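In the working numbering, the protein residues as written are 18 to 249. Note that beta-carbon positions come from the ideal geometry of N, C-alpha and C, so glycine has one too. As the structure is a prediction and not an experimental result, all values here were calculated from the model. Report on the structure given below.
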Amino acid sequence: MKTTLLASVLGLLVACGGGGGNRSPDGDDQIDTASTDDPADYCRAYARSFCSTTYDCLDPSERGAEGLPATQEACERDMNASCRNRVDNCDANEDQAYSPTAAATCLAQMSEATCVDVGQESLGAAACDDLCALTHGSMSVSWMFSPSSQSCGSTGVAIVRVALDGPTRVVQDFDCYDGMAYFTDPLPAGEYTVRLALFDSGGVALWQSQPKTVVLDESFVTVAITIPVSSS
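Structure (structure tokens):
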């Protein structure tokens, strides 16, 4: 059974978040510059731009063959409703939220679409896949000695202090033999620097790592840091 263009795009909206277009409803080729701070404005702009581009590029017989509504107004109504559903589903996810920045980039990319792009996912605008942005996640930090023959006992390391600096700051001490620190309380998404500081059982500092940069852009990110041990 043939999958129609409108059915395909509506399905992609539910899965990926929609896009924008490069024409106004009256076909005068004006770029849509609607604000994306309000998702309702974004969805109206998306529907208007997508349907305008599509209807400008397809003649009535081609629209009918693809299962599109008879009028651009009906197309915009359907696309707007599907876009709003996608935004609602995005905000319902506890670690994601609608991203006005991604929405604006999506519309900007769609403003460059041509008739060649009609039928592609979001008219070929990759940024439309990022409409749901990660708001927070978790992180693990592991440590190991090099060479591997060395250990917490042989080096006299009792405490490993892990410091995370980024959108928030977290400093926590762990037993060296744990080998790994888990930060499962939600951390704001973004860029962090991770540092280790080693202490003996008396609290004397033994070593501190260079900062390691990591981006928390997934729900769970792992970081591994090697502790070099001199042979002398």
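query: Secondary structure of A222, DSSP reduced to three states; result: strand
query: Residues that C149 bridges to, as DSSP identifies them; result: Y115
query: Distance between D202 and Q172 (C-alpha atoms, nearest Å); result: Here residue 172 is Thr; the residue named in the question, Gln, does not match the sequence. Approximately 31 Å between the Cα atoms of the pair.
query: Beta carbon of M96 nearer than 7 Å to that of A64; result: yes
query: Reduced DSSP secondary structure (H/G/I, E/B, other) of V135; result: coil
query: Cut-off 6 Å between Cβ atoms - residues of its own chain near F191, not counting five sequence neighbours on either side; result: V177, A198
query: Assumed close pair L148, A120 - CB separation to whole angstroms, cut-off 8 Å; result: 6 Å
query: Bridge-paired residues (DSSP) for R212; result: A180
query: DSSP state of I48 mapped onto helix, strand, coil; result: Model confidence at I48 stands at a pLDDT of 39, short of 50, so the residue's coordinates are unreliable and nothing is read from them.
query: Endpoints, beta strand (DSSP E) assigned at G230; result: The sequence given here has Thr at residue 230, not Gly. It spans 229-233 - the beta strand (DSSP E) in which T230 sits, taken as one unbroken run.
query: Reference V188, options Q89, V158, A57, closest by Cα; result: V158
query: Classification of S99 by the beta-carbon crowding that lies within 10 angstroms, buried from 16 upward; result: buried
query: Between the CA atoms of P245 and S236 - distance to the nearest angstrom; result: 30 Å
query: Proximity winner among N102, V179, C74, relative to A57 (alpha-carbon distances); result: N102
query: Backbone secondary structure at V188 - three-state DSSP; result: strand
query: Short Cβ contact (7 Å threshold) for M127 with V238; result: no
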